[in-house]
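Under my numbering, the letters of the sequence shown match residues 2 to 113, in that order. All residues carry an ideal CB built from backbone N, CA and C; glycine is no exception.
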Amino acid sequence: MDCLFCRIVAGEIAARTLYEDDQLLAFHDIGPQAPVHFLVIPKRHIASLDRLTEADRPLAGHLLYTAQRLAMEQGCAEGFRLVMNCNDLGGQTVQHIHMHVLGQRQLHWPPG
Ligand code: 5GP
Ligand code: ZN
Numbered sequence: 002m003d004c005l006f007c008r009i010v011a012g013e014i015a016a017r018t019l020y021e022d023d024q025l026l027a028f029h030d031i032g033p034q035a036p037v038h039f040l041v042i043p044k045r046h047i048a049s050l051d052r053l054t055e056a057d058r059p060l061a062g063h064l065l066y067t068a069q070r071l072a073m074e075q076g077c078a079e080g081f082r083l084v085m086n087c088n089d090l091g092g093q094t095v096q097h098i099h100m101h102v103l104g105q106r107q108l109h110w111p112p113g
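Below is the structure:
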């Protein structure tokens with residue numbers, strides 16, 4: 002298995018887990034860009050956002066809702082940002098779909 006995040010799901014690489022259910026895993030980012038910065042991923046390997054299929058609609062909704070709930074639990078009620086980088090031009094470096102959740106600092110726009 003050569004996917005970093007699949008290896009985290011399998012427990013082969015340690016991560017600071019925030020949340021887990023049958024479909025999703027959430028863990029703190031190893032290089033936080035804000036006081037709160039964690040990732041929410043599907044346990045099933047999906048390489049990138051452009052690989053989602055019609056059948057993944059419920060999973061995508063579950064991912065979005067879970068990210069929002071965890072942001073609240075992490076003290077981000079004043080505001081937060083969700084980011085999904087897709088492929089090279091989108092700045093994706095790990096080829097397993099993931100939602101960044103960033104909060105507890107002022108975030109700016111446009112992103113770099
Ligand atoms: P991307 O650039 O693909 O959108 O984001 C990948 C994220 O994964 C980066 O924010 C990076 O810090 C994080 N990351 C990379 N390797 C690891 C790791 O081994 N453990 C954790 N917890 N995060 C990682
Ligand atoms: Zn994977």
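Expected contact under 8 Å - CB spacing of residue i and residue j to nearest Å
i: L115; j: I47; result: In the structure as shown, the chain begins at 2 and stops at 113. Residue 115 is therefore absent and cannot be evaluated.
i: F81; j: G104; result: 4 Å
i: Y20; j: L60; result: Incorrect: roughly 15 Å between the Cβ atoms, too far for contact.
i: A56; j: L40; result: Actually they are not in contact, since the Cβ atoms of A56 and L40 sit about 23 Å apart, beyond 8 Å.
Helix, strand or coil at residue i according to DSSP, with G and I counted as helix
i: H100; result: Checking the sequence shown, residue 100 turns out to be Met, not His. Correct three-state label for M100: strand.
Within 8 Å, strictly: CB atoms of residue i and residue j
i: H115; j: H101; result: Because the chain spans 2 through 113 in this model, residue 115 falls outside it and cannot be assessed.
i: N86; j: Q96; result: no
i: A15; j: R106; result: no
i: L50; j: I98; result: yes
i: L83; j: A68; result: yes
Could you tell me which whole beta strand (DSSP E) segments of length 3 or greater appear in the region 30-108? 37-43, 81-84, 100-104
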